[in-house]
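Colleague:
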Amino acid sequence: MLSRLEEFRLISRCVLADDRAAFGALVEAYQGRMRRFFMNLTMGNAALSDDLAQDTFVKAYLNLRSFKGLAGFGTWLYRIGYNEFYNQSRRIAELGEDAITAACEPVTNTATETEQSIDVQTLMRSLNEQERVVVTLFYLHDVEIKKISTITSMPVGTVKSHLSRAKAKMSQVAQAEGITA
Amino acid sequence: MKRTDEDLKIASMLKQGQKPVGENQWFTPRVLNRLPEKQRGFSFGLTLLIVVAMVLAITVCSLLWGSFVVNQNLSVITVRDVLQFGALVVVTIGLMSTGVHYALKD
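From first to last, the protein sequence lines are chains A and B. Under our numbering, the first residue of the first sequence carries the number 208, and numbering increases by one thereafter. Under our numbering, the first residue of the second sequence carries the number 37, and numbering increases by one thereafter.
1. Within a Cβ cutoff of 6 Å, which residues of the same chain sit near leucine 344 of chain A, ignoring the five residues on either side of it in sequence?
2. Taking only three categories from DSSP, how would you classify valine 57 of chain B?
3. So for glutamine 382 of chain A, helix, strand or coil by DSSP?
4. So tyrosine 346 of chain A contacts chain B; which residues on that side make the cut at Cβ distance below 8 Å?
5. I want to verify the contact list: residues of chain A whose CB lies under 8 Å from the CB of glutamine 54 of chain B, in sequence order.
6. So that I know if they touch, is there some Cβ in chain B lying closer than 8 Å to that of tyrosine 285 of chain A?
7. What does a CB cutoff of less than 6 Å around glutamate 214 of chain A pick up in its chain, not counting 5 residues either side in sequence?
8. Helix, strand or coil for lysine 45 of chain B per DSSP?
9. Answer with buried or exposed for lysine 55 of chain B, where buried requires no fewer than 16 other C-beta atoms within 10 angstroms of its C-beta.
10. At a CB distance below 8 Å, what residues from the region 257–270 of chain A approach chain B? Give them in sequence order.
11. Can leucine 131 of chain B and isoleucine 86 of chain B be called in contact, C-beta distance under 8 Å?
12. If you draw a straight line from the C-alpha of alanine 300 of chain A to the C-alpha of methionine 90 of chain B, how long is it?
13. When Cβ atoms are compared, which residues of the region 96–117 of chain B fall closer than 8 Å to chain A?
14. In three-state DSSP terms, what is serine 333 of chain A?
15. Whose Cβ in chain A lies nearer than 7 Å to the Cβ of valine 57 of chain B?
16. Using the beta-carbon count (16 or more within 10 Å), is tyrosine 138 of chain B buried or exposed?
17. Use the C-beta contact count for aspartate 226 of chain A: other C-beta atoms within 10 angstroms, 16 or more gives buried, fewer gives exposed.
18. Can you list, in chain order, the residues of its chain with a C-beta nearer than 7 Å to that of glutamate 336 of chain A? Leave out the 5 residues immediately preceding and following it.
19. As a quick exercise: from A:Gln382, A:Val380, A:Lys374 and A:Glu384, pick the residue whose alpha carbon is nearest that of glutamate 42 of chain B.
20. Quick test of the definition: if touching needs 3 or more C-beta pairs under 8 Å, does the region 95–112 of chain B touch the region 248–263 of chain A?
21. Is the separation between the beta-carbon of alanine 260 of chain A and that of phenylalanine 245 of chain A shorter than 8 Å?
22. Classify methionine 361 of chain A as helix, strand or coil using the three-state DSSP reduction.
23. Quick check on this structure: which residue in A:Leu209, A:Ser273 and A:Val340 has the alpha carbon closest to the alpha carbon of valine 222 of chain A?
24. Would you say valine 87 of chain B reaches chain A, if we count a Cβ-Cβ gap shorter than 8 Å as a contact?
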C-alpha cells in the first residue's frame, strides 16, 4: 500500500515526465484491488476481469492530467473502473441475452472451488448490477457510502436503498438455499 | 452510515467466500505495453534543457576553479580564499551529484 505522498510523487512523475516506471509502480500497487473488484462484479470471470482492469488502467493513464487529487487515487480508479464495467455491460446487453450469460459465466474449477465461494456467487447472482456494485464496494472493499456515491454518481440515499434491497434479497436467497454465515 | 454488526457479519462472510484472484505477473507489463507511444515533446525538451544547463554549469565551474588556482598565493591564505574554495567545492559536488542522478535514472 502506497502512502499518499508516495502516490502523489508517482503521479507527478507520470504527468510531468511521462515516466512509465512510475505508472508501473501505481499499477502494481492497485492491480490486486481492481482485479478483485471486477472479479466480484463479473461473478468470477477472471479473463473478463483482467481485460476490464487493464482498460481501467490505460484510461487512467490517458486521463491522469485531469486527476485533481481530491478524492484519492483509489476512489478515482474505482470510478473509471465502474464506468468501464457499465459500458461493457451496455455493449453486452446490445448483443442480447446469450452474450450476457456467456460473459458472466464463471470459469469454475470444481476441484478447488469451495462450497463457501459457490454460496457467495449464488448470493451475488441474485442481485442486479447496481446492487452488486454497491455490495462489492461496501462489503468487500470497505468503501464508505459517501465514496460509493462519488464513484457511482448516485445520490447517497440511492446507494443506501440499493444496499438495503441487496441485503433483503441476499437474506431471502440465503434462507431459500439454506446458506448460513 | 455506521456499519452494524449485521454488516460486519455479511462482510466477513462475503470476504471469506469470494474467489481468490490469482497472481498475474504479466498484468503490469501488459498494461504498460498498451499505453500509447511515449511522447518525445515535453520530456525530450526537458532533458535537452537539463543537458545544456549542466554543460554550461560545468564550463563556468571549471573556469572558476582555473581562476582560483591561478590567482592563489600559497604564502597568504585569506578568509576570502577559504570562502571561495568552500563555495567552489559545494557547487562542484552539487553538479556532480545532479549529473550522476540523471545518468543513473534511466
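Here a beta-carbon is modelled for each residue, glycine too, at the ideal position from N, C-alpha and C.
Modeller: The answer reads as follows:
1. Taking leucine 344 of chain A as the centre and dropping the five residues before and after it, the same chain places the C-beta of Val350 and Ile355 closer than 6 Å to its C-beta, in chain order.
2. Under the three-state reduction of DSSP output, valine 57 of chain B falls in the coil class, being neither helix nor strand.
3. The DSSP-derived three-state label of glutamine 382 of chain A is helix.
4. Asp43, Ile46, Ala47, Leu50 and Lys51
5. What glutamine 54 of chain B touches in chain A: Arg243, Met246, Asn247, Ser324, Val327 and Leu347.
6. no
7. Phe280
8. helix
9. buried
10. Those residues of the region 257–270 of chain A that come within reach of chain B (Cβ to Cβ, closer than 8 Å) are Asp257, Ala260, Gln261, Phe264, Val265, Tyr268 and Leu269.
11. no
12. Alanine 300 of chain A and methionine 90 of chain B: Cα-Cα distance of roughly 59 Å.
13. Correct list: empty, as no residue qualifies.
14. Secondary structure at serine 333 of chain A: coil, using DSSP grouped into helix, strand and coil.
15. Chain A residues near valine 57 of chain B: Gly239, Arg242, Arg243 and Met246.
16. In summary, tyrosine 138 of chain B is exposed, with fewer than 16 beta-carbon neighbours lying within 10 Å of its beta-carbon over all protein chains present.
17. buried
18. Ser296
19. A:Lys374
20. no
21. Yes, they are a contact pair.
22. coil
23. A:Ser273
24. no
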